[in-house]
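First residue of the sequence shown: 9, per this note's numbering; consecutive thereafter.
Built from N, CA and C at the ideal position, the CB exists for glycine as well.
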Amino acid sequence: MNKIILKINGMKCGMCEAHVNNLFRTKLNIKKIKSNHIKNETLIFTNLEISDDSLKNALENSGYTIESIEREDAKKTIFGYR
Numbered sequence: 009m010n011k012i013i014l015k016i017n018g019m020k021c022g023m024c025e026a027h028v029n030n031l032f033r034t035k036l037n038i039k040k041i042k043s044n045h046i047k048n049e050t051l052i053f054t055n056l057e058i059s060d061d062s063l064k065n066a067l068e069n070s071g072y073t074i075e076s077i078e079r080e081d082a083k084k085t086i087f088g089y090r
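Below is the structure:
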């Protein structure tokens, strides 16, 4: 399982988090995603190979911008992936 860490500008509230999550779910078929507007961060857990351009295009014309993209192996715990 891969973990993609996105730093995103433009999220101001919980509704922004939901909107960002929904954009990635519908455009890239992401199942496990969590956004945090306080940290300006979105975490994606997936086995799919997703290019940086695909991630950026998913937020195109939404008012949100990706500032950085990091990738690492997700660590499995008893509560899920981290």
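In the same chain as residue 21, and ignoring 5 residues on each side of it, the C-beta atoms closer than 8 Å to its own belong to 45, in chain order. Looking at the backbone, the Cα of residue 71 and that of residue 86 are separated by about 36 Å. Rounded to whole angstroms, the Cβ separation of residue 77 and residue 61 is 10 Å, and the two are not in contact under 8 Å. Nearest Cα to residue 30 within the set 75, 63 and 47: 63. Within the stretch 27-86, complete beta strand (DSSP E) segments of at least 3 residues are found at 40-44, 49-54 and 73-81, given in chain order. Classified as buried, residue 50 has 16 or more neighbouring CB atoms from the shown chains inside 10 Å of its CB.
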